[in-house]
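Note sheet for the following structure.
Protein chains: 2
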Amino acid sequence: MEARRKVASIRDVAKRAGVSISTVSRVISKKIPVDAKTQEKVRDAIDELEYRPDLIASGLRSKSGKSIGLLVPRISDPFFTALIDHVDRCVISHGYNLLLFNTHSDPVFEEQVLDNLVRRHVDGIIFSLVSDESRAMELLTEVDVPVVMLDRVREDTKLMQLVLDNRKAGEIAAEHFLSLGHTSIACLAGPPKIRLCVERQLGFSETLKRAGHPMDGRHAFNGDFSFESGLAATERVLRAVPAVTAVWAQNDLMAAGLLKGLGRAGVKVPEQVSIMGMDDLLVAEIVSPSLSTVAQPVAEMARRAVEMILKTKDKMTITRKVLLKPRLVVRESTAKIRKG
Amino acid sequence: MEARRKVASIRDVAKRAGVSISTVSRVISKKIPVDAKTQEKVRDAIDELEYRPDLIASGLRSKSGKSIGLLVPRISDPFFTALIDHVDRCVISHGYNLLLFNTHSDPVFEEQVLDNLVRRHVDGIIFSLVSDESRAMELLTEVDVPVVMLDRVREDTKLMQLVLDNRKAGEIAAEHFLSLGHTSIACLAGPPKIRLCVERQLGFSETLKRAGHPMDGRHAFNGDFSFESGLAATERVLRAVPAVTAVWAQNDLMAAGLLKGLGRAGVKVPEQVSIMGMDDLLVAEIVSPSLSTVAQPVAEMARRAVEMILKTKDKMTITRKVLLKPRLVVRESTAKIRKG
DNA sequence: TTGTAAGCGTTATCAT
DNA sequence: ATGATAACGCTTACAA
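Residue numbers (the working numbering), protein chains in the order written: chain Z, 3 to 342; chain R, 3 to 342.
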């Protein structure tokens, strides 16, 4: 039962080292020169007392808690999981900490969380909107914190934006199918409330139309980006097969659901139907057949988001909007169409 | 270009409402009775000024920032992803915030992060050790913060522990195979540096031995819990087949890798080899055939961890150690052995 | 280079 | 029930 001695404060260190507290502060922050001998005395005192600066107190005074907040609609969505992982890496490598929040796709909660972050004086906020109807950004335009909207954004704002060229993603998917000879093609889109789904859809359908193979309106399906919704869509997709020979799901998880459903129904992929996903996450490699997909540069997305925050903070440059490019990844789930 | 008026402080509210700052504080905290009329005045002032209490300042004085820290070795490991998701839910529902950290399986980094958390005055720490060699807990025993060690723990500590009965998990897997008539059985374990892998292994092999079908030492493989390591293990597993008719992987991700590898090699699961995983995460349902597995109660784990933290803080009870039970989930990847 | 002292925006402790 | 005032532990002018 050892005594739990009270943790040392900067005052204790100053006393022990025989200097003032400001000197101790200077030694720690390294911003202002301090005599070598004095430094040594202070460091010794710090070691002896096992002193660790209180980050809350420091944050109160300096108005920077060295932390960045990240908000995502659903932690368990593999795209956001990957994003979290990468953002975490970057944030840490710059000496900041990550505050993670799940908005659970709830606009009300989203606002609460943002409010909370602001009141915690985070040095920056990176977030993906719940839906196009979110008014969350309005809370943020009046606040003096760098904010980067990511992935799911709204155009009508002054906040910084970092988005994929979703229209291009649709084009890439369509072109891949066309190049394989498919002409009757369906799409399993995400919730139309989320603007990027519409963008992807448009890029996809317009490319098909230009090629002379417009989508049949009956072959536009909807899911909610979950595995289950992909699985549930199988039934509708089956009614369209074999007229339809190719389906693009707007994320890998739904594509995986579709794959599973088709497998159960005894439909061969890619022999009878070609399936394509989007995101290029681990799940695309795990399933059998592995998924051809449209890759998003998640790592780059994360890196740039953090950089945008930090640059704004240091009043370097302020980037308004960055558009990232998707990329085609061909695996096993797509193949040349077979007649008959 | 609208003026960005300085955010209101508690002082401004007090002045506007014509009361003292302590009264404002009382109205907000609701801990101490305040006259109804006064309350109204204060609330009005708060609304008019759009006042929001500064959480940092409040935290400094009260020594509670209303946040809980969570440390995991790898965010992108689906088990930890699920854990994060559930812990987040619980933490939020109790009015706390989540600080998430990835230790990247690095003991040095692990210590830094823990130190950081303590200095941020988090109200509790939930964490899973990097390895049995971590000395991280030593930093924490001297500190006055509730700590729950989860999943990967060390016994030699006074910190609270919340673990699965990993031995039992091994037994369950072995019994399932035995009940299907398998007698030559292999195991793809996680890193032996992580104690729970050894526990699982022991429960598994001892059960087989008791049944008169001891494991052949050559049939104990190792991976690192990643999909890739499962895939990489295929080669070694193939050399053991067809003598070996069943393999238990110590997590679903490695099992998925194995499934993928065997599929490529043209080996049928479960017709030629039965495969079993552990965790029971989404990945077990996504792959084909879907994985029979030993389920961990992740949600319960998360809930209890948060409860243990909160109860300790409120000086209610202090639970030393909680042991959770694994559960068998049968899907498609295991089947009765076929002679010939 | 170093010390003194004034905050940062709360909550907690006394009085009243 | 309310108010004045002292912390909380640090950073940061401003002096010396």
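Virtual Cβ for every residue (Gly too), placed ideally from N, Cα, C. Quick caveat: nothing in here was measured; it's all calculated off a predicted structure.
- Task: Count the CB pairs spanning the stretch 82 to 93 of chain Z and the stretch 298 to 316 of chain Z that are closer than 8 Å, and state whether there are at least three.
- Result: yes
- Item | Other residues of its chain near VAL149 (chain Z): CB distance less than 6 Å, five sequence neighbours each side excluded | ILE127, LEU142 and LEU161
- Under three-state DSSP, which class holds PHE81 (chain Z)? helix
- Task: Could you name each continuous beta strand (DSSP E) segment of 3 residues or more that falls completely within the stretch 228 to 279 of chain R, going from the start of the chain to the end?
- Result: 248 to 251
- Proximal chain Z residues relative to ALA222 (chain R), where beta-carbon distance stays under 9 Å: Going along chain Z, no residue has its Cβ under 9 Å from ALA222 (chain R), so there is no contact; the nearest lies around 24 Å.
- Message: With the cut-off set at 9 Å, would you say ASP254 (chain Z) and MET280 (chain Z) are in Cβ contact?
- Response: yes
- Inter-residue Cα distance where the pair is VAL155 (chain Z) and LEU326 (chain Z): 14 Å
- Item | Backbone CA spacing between ALA222 (chain R) and SER186 (chain R) [nearest angstrom] | 12 Å
- CB contact check: GLU140 (chain Z) to chain R, cutoff 9 Å: no
- Message: Just to check my reading of the structure: ILE339 (chain Z) and THR247 (chain Z) have Cβ atoms closer than 8 Å, yes? What is that Cβ distance to the nearest angstrom?
- Response: 5 Å
- For the alpha helix (DSSP H) holding GLY219 (chain R), just list the boundary residues, first then last. Neither: GLY219 (chain R) is in no alpha helix (DSSP H) and is coded neither H nor E.
- Message: Do LEU204 (chain Z) and ALA257 (chain Z) count as a contact pair if the criterion is CB distance below 9 Å?
- Response: no
- Hey, ILE288 (chain R) and VAL285 (chain Z): beta-carbon distance below 9 Å or not? yes
- DSSP three-state assignment for LYS323 (chain R), whether helix, strand or coil: strand
- Query: Taking PRO244 (chain Z) as the reference, which of Z:LYS270, Z:PHE103 and Z:LEU85 has the closest Cα?
  - Reply: Z:LYS270
- Query: Ordered along the chain, which non-local residues of its own chain (more than five positions away) have a Cβ less than 7 Å from that of LEU152 (chain Z)?
  - Reply: ILE128, PHE129, SER130, LEU164, MET303 and ALA307
- Message: According to DSSP, is ILE174 (chain Z) part of a helix, a strand, or is it coil?
- Response: helix
- Message: So within the stretch 42 to 111 of chain R, which uninterrupted alpha helix (DSSP H) runs reach at least 4 residues, ignoring any that extend past its ends?
- Response: 57 to 64 and 80 to 95
- Where ASP167 (chain R) falls: helix, strand or coil (DSSP): coil
- Query: So, is the C-beta of PRO75 (chain R) closer than 9 Å to a C-beta in chain Z?
  - Reply: no
- Message: Under DSSP, the alpha helix (DSSP H) around ARG306 (chain Z) begins and ends at which residues?
- Response: 300 to 315
- Query: In angstroms, rounded to a whole number, what distance separates the CA positions of MET3 (chain R) and GLU144 (chain Z)?
  - Reply: Caution applies to MET3 (chain R), whose pLDDT of 36 falls short of 50 and renders its modelled position unreliable; the value that the coordinates give is listed next. Straight-line Cα distance between these residues: approximately 11 Å.
- Message: Here's the rule I'm using: 16 or more other beta-carbon atoms within 10 Å means buried, otherwise exposed. How should SER95 (chain R) be labelled?
- Response: exposed
- Residue environment, LYS8 (chain Z), which counts as buried when at least 16 other CB atoms sit within 10 Å: exposed
- Query: Does any residue of chain R bring its CB to less than 9 Å from the CB of PHE227 (chain Z)?
  - Reply: no
- Task: Round the Cβ separation of PRO109 (chain R) and SER78 (chain R) to the nearest angstrom and send it over; I've been treating them as touching at under 8 Å.
- Result: So it is not a contact: roughly 19 Å between Cβ atoms.
- Could you tell me if PRO75 (chain Z) is buried or exposed, where buried requires 16 or more neighbouring beta carbons within 10 angstroms of its beta carbon? buried
- Cβ-based neighbour list, ALA5 (chain Z), same chain, cut-off 8 Å, excluding 5 preceding and 5 following: For ALA5 (chain Z), the pLDDT reaches just 46, beneath the cut-off of 50, and the residue's location in the model is therefore unreliable, although a value from the coordinates is still provided. Cβ within range, chain order: n/a, list empty.
- Item | Span of the beta strand (DSSP E), counted from its first residue to its last, around GLY205 (chain R) | Not the beta strand (DSSP E): GLY205 (chain R) falls in the alpha helix (DSSP H), residues 197 to 212.
- Message: Please report the straight-line C-alpha distance between ILE81 (chain Z) and VAL26 (chain R), rounded to a whole angstrom.
- Response: Looking at the sequence itself, residue 81 (chain Z) is Phe, so the reference to Ile does not match. Rounded to whole angstroms, PHE81 (chain Z) to VAL26 (chain R) spans 44 Å at the Cα level.
- Run of the beta strand (DSSP E) containing THR295 (chain R), from where it starts to where it stops: 294 to 297
- the stretch 261 to 277 of chain R: which residues have C-beta closer than 7 Å to a C-beta of chain Z, in chain order? LYS262 and GLY265
- Query: Contact check, GLY259 (chain R) vs SER290 (chain R) under 8 Å by CB: the rounded distance?
  - Reply: So it is not a contact: roughly 14 Å between Cβ atoms.
- Return the chain-ordered list of same chain residues with a C-beta closer than 7 Å to the C-beta of ASP134 (chain Z), the five sequence neighbours on each side being excluded. ARG156, LYS195, ILE196 and ARG197
- Message: Against chain Z, with Cβ distances strictly below 9 Å, would PHE129 (chain R) count as a contact?
- Response: no
- For LEU116 (chain R), three-class secondary structure by DSSP: helix
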